[in-house]
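Residue 17 is where the sequence shown starts when you use the working numbering, and the numbers rise one by one after that.
Positions of the beta carbon are idealized from the N, C-alpha and C atoms, including for glycine.
Structure first, commentary second.
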Amino acid sequence: ATTLGASAAQTGRYFGTAVAANKLSDATYVGILNREFTMVTPENEMKWDATEPTQGQFTYANADRIVNHARANGMRVRGHALAWHSQQPGWAQNLSGPALRSAMVNHVTQVATYYRGKIHSWDVVNEAFADGGTGARRDSNLQRTGNDWIEVAFRAARAADPTAKLCYNDYNTDGQNAKSNAVYAMVQDFKARGVPIDCVGFQSHFNSASPVPADYQANLQRFANLGVDVQITELDIEGSGSAQADNYGRVVRACLAVSRCTGITVWGIRDTDSWRASGTPLLFDGSGNKKPAYTATLDALNAG
Ligand code: G3I
């Protein structure tokens, strides 16, 4: 097939991108989006600060623009993210203890209920583990409400939208290391105790300091073996030319080798759309031209 989405569909997978609502008026951007992608993730518009800027008052206008565009063009939506230590509204940052816990549960319930039936997968909890070798939870206001905050968020999301797949999503968990081992233990525990979890997202933000791990496929597979789907949720790879293209090909091949790796999402369309302040980490250049990384990705999808 000749597009990313159609090529991924040949093996039953999706190919997605992060989308920013304020770019939906950019004709080049929208042209590539509609041509290539079958899944969208709102880059910022579903986060807590965007959807509940004042406690108890929910604003969905920008998120709805993305969801409506996706549905009108036959794309599905990954929801991102219900509970996260970052991008909280100021009022939530100032809460703690039971007040924060109940605000978090209410937020998860309200947003997941509003989008009930429209979301393929939710990133229910994002980035809850610490970097480095401890395997500990990340310290945050949410973590300080009690270690059970993650499972409480998952149960609230399931009750609000029983059809969405519920994911845990993180970065620096792409290979086997102390952080991914800790996430693995949590998923294993959730499955053993019946806490609702369906999928694990591997963000996959790669650069020279954090390259594509040699054991990427093995790591995806060990999570899949726990009985969850795995997804590559925020892929970008610093670099250019054939080296970058080779890395994109490796990532795609790793996913396709794992039957429960159900889809790949890149974190933006053109290099100029990237959250990274500099660099060229994506599949299209600033003018919207296909890069060697695009061709390698497409070829790897078609070889699957
Ligand atoms: O919209 C405001 C604008 O009005 C204001 O003038 C401007 C000045 O700072 O800020 C704009 O908001 C920015 C927003 O992106 C939209 O561009 C925020 O400051 C900025 O913090 C925000 O960055 C986002 C970042 O998450 C925040 O944590 C990036 O776009 C987004 O790509 C990035 O995505 C994260 C995932 O959610 C989780 N995993 C890592 C990934 C990359 O950091």
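{"Query": "Three-state secondary structure (DSSP) of Phe53", "Result": "coil"}
{"Query": "Contacting residues, own chain, Cβ-Cβ under 7 Å from Gln204 (five flanking each side not counted)", "Result": "Leu242"}
{"Query": "Beta-carbon gap between Thr54 and Tyr76 smaller than 8 Å", "Result": "no"}
{"Query": "Residue range of the unbroken beta strand (DSSP E) whose run includes Gln247", "Result": "245–253"}
{"Query": "Cross-strand partners of Arg92 (DSSP beta bridge)", "Result": "Met55"}
{"Query": "Expected contact under 8 Å - CB spacing of Ala240 and Cys277 to nearest Å", "Result": "7 Å"}
{"Query": "Any 3 or more C-beta pairs closer than 8 Å across the segment 62–78 and the segment 302–320", "Result": "no"}
{"Query": "Check whether Ala261 and Pro308 have beta carbons under 8 Å apart", "Result": "yes"}
{"Query": "Secondary structure, alpha helix (DSSP H): runs of 4+ residues fully inside the segment 107–132", "Result": "113–130"}
{"Query": "DSSP-derived helix/strand/coil call for Gly28", "Result": "coil"}
{"Query": "Gln192 - DSSP class collapsed to helix/strand/coil", "Result": "coil"}
{"Query": "For Thr27 and Thr70, the rounded distance between their alpha carbons", "Result": "43 Å"}
{"Query": "Candidates Val141, Ser256, Gly162: closest to Gly295 by CA position", "Result": "Ser256"}
{"Query": "Near the ligand G3I: Asn122 beta-carbon under 7 Å from a heavy atom", "Result": "no"}
{"Query": "Three-state secondary structure (DSSP) of Ala99", "Result": "strand"}
{"Query": "Status (buried if at least 16 other CB within 10 Å, exposed otherwise) for Ala173", "Result": "buried"}
{"Query": "Three-way DSSP call (helix, strand, coil) for Val282 in this model", "Result": "strand"}
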